[in-house]
Amino acid sequence: MVTKQNKEKAGNIRKSVKFKSGEGFYTKKERRQARLTSKKHAEVVTTLLADWEVLRRDTTETSKKHELVDKMLAAAKTKLMDLSQAHDTSRIIESMLQLGTEAQRWAIFAELRDRLRYLAMSQYGKHVVLKLVNYGAKEHRLELFKLFRGYVVKLLRHKHAAEVVEMLYNDYATAAQRALILQEVYGHQFALQLTANNVQRLQQALDLNPDKRATILANLNDLLVTMVSKGLIRLSIVQHLLLEYLTVMLQSSDLLKIQTTTTTTTKLVQDITDPTTEETPTPRREERLSALVEAILESGIVSMLHTREGVKAALAVLWICPPKERKTLLKSMRTCIVSTAENEHGHIFLMGLLDSVDDTKLLAKTIVKELLEDLEDVVCHPHARKVLLYALAPRDPRHFAPALISACLAGGDDSPFTKKPLAVRAIELRAPLIGLLPALLRLVTEPMGEEEGVEVGDPLIRLFVGSVEHPAPLVDRARVVLLAEILIRSSAYELQFSTAANCFKRTGSREAERLVAIDTKSSSLLTPEDLAVLRQARTRALRHFVTTVLAQPNFQPIGIPTPPSHFSASVEAKRMLQTQRRKRALAIAEAEGVKKRKVTVKAFTNVDEEEDGNEKLGNAAEPMDTSTADDDTLPANAPFLERLEGQLLVSRLLQNEKKSDSHEFARLVCELVPEQTLQAWLTCNRSCFALVHLYELNDEEICERLRKVLYSQKDLIMASPLPGAKILAKQLYLNEFRTTQCPLFLEQQCHNHRPYTCFYWHFPNQKRRRPIKKVDGTFNYNPDVYCDKYDENSGTCPDGDDCPYAHRNAGDTERRYHPRYFKTGNCIYETTESGACVKNGLHCAFAHGPDDLRLPVYDIREVQDASSSKVTVNLPASLEKERVLSEDPTWNDMLHVMARYKTESCRKPPRMCRQGYSCPYYHNGKDKRRMPERYFYRSTPCPAVRPADEWLDSALCDAGDACTFCHTRTEQQFHPELSLATNPDLSPIRSTANPFESHIK
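As numbered in UniProt numbering, residues 1 to 1001 make up the sequence shown, in order.
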């Protein structure tokens, strides 16, 4: 042991041997020898140091090492305690524990056993104890637990001994042993009955001893202040205790408030007016929590952001801190923002700062400023990228799991020091003054030049899209998610306060009050100049994206190999693949960061480790093995739209434009993408879906462009086996079928006139209006209510195309090909080998098979009526039989249908019947049918009512109801003569209507 007397003796020796009498200076070796001889056990130390130099070499054989340890143990016997507390000889004991045999470790443990607790408090002796914990037997660690039992609090207060307790708690302790350690921290485990009740949490200890609540919290607070002040906040046990304590304080019935003293010093105290508080308000109690927060801020909160519990504790500190302390906290993180963002857990704390701190200018000076300095590295790193996503779309469930939000961020929703709603903060972070969104848009827009003679390339391709030369984005697919958020959140619709208020909300009870308080100021969040700057930057970014990525002239899909029919990846295999992708993306980001920082020299580098590191960096861009799942991984030269992330990006952009009724991106696609490329999109399934989304916008200019481009490829679309092409064919029918006149018919060259199977209309009464769903959710005409002003012969209506009701044109196409009914029910007829319906041909409005079915598109009024009804209403999905028949069960009997269908007037007011023409009751004279068993008429049309091909008004017949011929189309279609010819099961109708039968005879 190096005593005070030895130190004084060594100092005197150094002074006396500085010079030799008449011989000049001592040599370095002589001075070192003089210092060694001045130490305690100098003779033994000299021998041990020489043997240690041989022992620690990698070239020394294992048997030789064991012999050296035996020799060193014999020399150091009874002196191990003194040797373990010196800075040089303690390393000798560490090597003996690490390289010796189990028996040799037991020999060292036997000599040090009774002094291990004191050795843990030594600056150098703690390393010996740590080596014993790491390399010793299980019995050694159990003995350490016994020695530390009852002294845990004392050891935790010690700077060096706390590290030993940390290793035991974090790396080797079982759940029961951890509980015993924590019970000592909570208080006297026998007096508080903690061990008997198996207490493992602070809240359990408080619930078990409600009368000791104040004492337990006070003692724990003092212990935490001591440990934090000594720089032990980096230890996981300290972070665990801190998290438990702050969680209890936040969840307690005592509300935190600001107490402003006469010296304008703000302190965090508990509400002393709470009747549930047992402790009397004293100055010590009022300063307790503020002292802990102050100690945490002084020691630096960055050191606790490497674990999940540390991040949660740091967030709890953030929620407790008033604005002044939050400013101090942010300033203490300067120069550490990027490294924190790239940490697996640290990025969550930055998300919490963006979620809670109201001062957006302070956020811009601290967090945003450092992120922008290394923006490319942040974009490429999977963890740091989440901070950017949170700034653009806070708490969006697409990017952040609800479990993560509720576990880490929702606890501060009711913080009294957070005044701004989440929507306001989201819009302010996108402002040009902050600089984040404009910088991201510039990163997408502006191509880079050369850097030190090396061509950098377009950041859009290099960072987000990927290519053969830049394969990193092909592996890290989530970069496209950030690109989508950049392009979407910069739109004028997303910058509106109403839109942000609907999308971004906290879960606490204070959020509604915040929204009400800010509602009057919402119009001034972004100035017109800010909106103009963002609009111009977004337009440039969209144009650059379309020109660089989508408008490539040579669109050639690679094709995805179809997996075997029996192959189905399990959930575990898919999760394994996702984990592999995340690890691969993280390795690529770290490799790119190392290359960019040009780290070429590493101190104390092991040759084997260096080779492994080079191999890791060299293989970072290799393709990933996806044989464990049915993944659709494509080569690097695959078109962007053929990749899954490309389809999702374009789909999200178009769906957002459909919601906002702003078609800037869609118009740029139609304007900049060549016609040949648009036609080539038909050969790829995923690009077909992009065309489908373009059609669904229902914009006249866009639809006209698509009609011109895809008209010549109509036959290819109809015959394509691709699922996307089939949906596109349905869109063609919904938007184009018989909406324009046939140009070949005008030239008398249409070959589909007789029989009439043309895709376009030939005569005006065959014309069909294009159904358009408006922004308010309603259609431009109601498919269930027919217009009574429409002339079926001439095909004209006084209201023209603006008529809000359906026109009963030839073939009833306005109703059959409406999004409400088209392909929503199965056809009753078979399909030919060419795929056409044997009855209705190629243009059948019913589905042939499950793949041909589509979901109906309801009018918003139908949905509102169904939701407001007290009775459960199932909206009809198709033109099937249940849609035709009434809710009365008697209409399910075909005999009743043939006898009573359309024979009585509908009880609902005109045009208010939702069943329209399918109603079993008639609405007008053209729809009326005389009862067959009362009026004896034949199936032949009346010459006065139908002199030609069209049915006229039944009032033109002078005989009236006594006429023996049909007066309406309904009477002819549902006449018993025609029905019996096709369905013999309806013969009972004749037996119950003998007068009618005799009249026919």
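Cβ coordinates follow ideal geometry from the N, Cα and C atoms, glycine included.
Residue Asn809 holds the alpha-carbon nearest to the alpha-carbon of Glu950 among Ala962, Tyr937, Asn809 and Lys928. A straight line joining the alpha-carbon of Ala439 with that of Leu728 spans about 38 Å.
Glu67 and Thr47 have their C-alpha atoms some 14 Å from each other. Taking a cut-off of 8 Å on C-beta distances, the stretch 333 to 345 touches the stretch 293 to 310, as three or more cross pairs fall below it. Looking at the backbone, the Cα of Gln580 and that of Val465 are separated by about 20 Å.
For Lys773, the pairing in a beta bridge is given by DSSP as Phe779.
For the pair of segments examined, the stretch 85 to 102 was found to touch the stretch 116 to 124: the number of CB pairs separated by less than 8 Å reaches three. In this structure, the beta-carbon distance from Cys966 to Arg938 falls below 9 Å.
Leu315 is a Cβ neighbour of Gly412, given a cutoff of 9 Å. For Tyr922, the pairing in a beta bridge is given by DSSP as Ser905. Secondary structure at Cys380: helix, using DSSP grouped into helix, strand and coil. Per DSSP, reduced to three states, the secondary structure at Trp891 is helical.
Counting of Cβ neighbours within 10 angstroms places Ser509 among the exposed residues, the total staying below 16.
Here Cys966 carries a strand assignment [DSSP, helix/strand/coil]. Looking at the DSSP output, Gln741 sits in a beta bridge with Trp761. Val546 and Lys419 have their C-alpha atoms some 41 Å from each other.
The C-alpha of Ala806 lies about 15 Å from the C-alpha of Phe822. Straight across, the Cα-Cα distance linking Leu250 with Gly559 is about 56 Å. Within its own chain, the residues whose Cβ lies closer than 6 Å to the Cβ of Asp358, once the five positions on either side in sequence are excluded, are Lys419 and Lys420, listed in chain order. Taking the Cα positions, Ala426 is about 7 Å away from Ala393. Tyr805 sits in a strand when the DSSP states are folded into three classes. Lys574 has its alpha-carbon roughly 28 Å from the corresponding atom of Pro721. Counting C-beta atoms within 10 angstroms of its own C-beta, Lys839 has fewer than 16 neighbours from the protein chains shown and is therefore classed as exposed.
Where Gln33 is concerned, the enclosing alpha helix (DSSP H) starts and stops at Lys28 to Thr37. The C-alpha of Pro920 lies about 15 Å from the C-alpha of Thr968.
By the 16-neighbour rule on beta-carbons within 10 angstroms, Glu494 is buried.
In this structure, Tyr817 and Leu734 form a Cβ contact; the two beta carbons are roughly 6 Å apart against a cut-off of 8 Å. Excluding five sequence positions before and after Phe555, the CB atoms of its chain that fall closer than 6 Å to its own CB belong to Pro639, Thr677 and Ala680, given in chain order.
DSSP, reduced to helix, strand and coil, places Gly841 within a strand of the structure shown.
Per the DSSP secondary-structure output, Thr831 pairs in a beta bridge with Cys837. Each of Cys963, Ala959 and Leu956 was checked against the Cα of Phe936, and the nearest Cα belongs to Cys963. In the DSSP assignment, the residues bridged to Pro941 are Cys966. If the five residues before and after Pro804 are omitted, its C-beta is found closer than 7 Å to the C-beta atoms of Tyr781 and Asn782, all from its own chain and listed in chain order.
Within a 10 Å sphere around the beta-carbon of Thr813 sit 16 or more other beta-carbons, which makes this residue buried. Here Leu474 has Gly466 and Ala636 as same chain residues with Cβ atoms under 7 Å from its own Cβ, once five neighbours each way along the sequence are excluded. Under the DSSP assignment, Arg707 falls in the alpha helix (DSSP H) whose first and last residues are Glu700 to Leu710.
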